[in-house]
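Okay, so here's the structure we're looking at.
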Amino acid sequence: YGQLVGLSSFAALRGMKGQSAYCASKAGFSKYLESIAIDTINEAITVTDLAPGFIDTELNRAIEKRPFLVSAEKGTKVMVDLIEKKVEFSFVPPWRWWLMAAMVKRFSRKQLSNL
Numbered sequence: 137y138g139q140l141v142g143l144s145s146f147a148a149l150r151g152m153k154g155q156s157a158y159c160a161s162k163a164g165f166s167k168y169l170e171s172i173a174i175d176t177i178n179e180a181i182t183v184t185d186l187a188p189g190f191i192d193t194e195l196n197r198a199i200e201k202r203p204f205l206v207s208a209e210k211g212t213k214v215m216v217d218l219i220e221k222k223v224e225f226s227f228v229p230p231w232r233w234w235l236m237a238a239m240v241k242r243f244s245r246k247q248l249s250n251l
């Protein structure tokens, strides 16, 4: 019984200019969590994959553009709420990044290179 929680990233969704290794590692980790969820589907284990956008931390403060930036406190609260709800997958914060995901999936590589 239990819950396995992993943090992937919005960056797992598509490749981004100058971020090939980061995007690849996050995409791989997200699919790893999904595979564990499938492998344990008949067990009492919940696998949760949270994919944050920009949370204000030292890790990303040097990045010029950080759309939909949220404080570490707000990001943490949202993640705790999602974990307690035992969601399988969610962007953090959810609604803004779900909307962005719908758009980014349709972008051409040329459009992605201009972001």
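Okay, so the sequence shown: first residue is 137 according to our numbering, each after it adds one. Yeah, the Cβ is synthetic: ideal placement off N, Cα and C, and Gly gets one too.
- In the DSSP assignment, Q139 is bridged to T182.
- In the DSSP annotation of this structure, the continuous segment of the alpha helix (DSSP H) that includes F165 starts and ends at 156–175.
- Inclusion of V228 and M215 in the CB contact set at 8 Å is warranted, their separation being smaller than that value.
- In this structure, F165 and G189 do not form a Cβ contact; the two beta carbons are roughly 16 Å apart against a cut-off of 8 Å.
- Under the 10 Å beta carbon count, T184 is surrounded by 16 or more other beta carbons and is classified as buried.
- In the same chain as T176, and ignoring 5 residues on each side of it, the C-beta atoms closer than 8 Å to its own belong to V183, in chain order.
- The bridge partners DSSP lists for A187 are F227.
- Taking a 10 Å sphere around the C-beta of L248, we find fewer than 16 other C-beta atoms and assign the residue as exposed.
- In this structure, I191 lies away from G138, with their beta-carbon atoms at least 8 Å apart.
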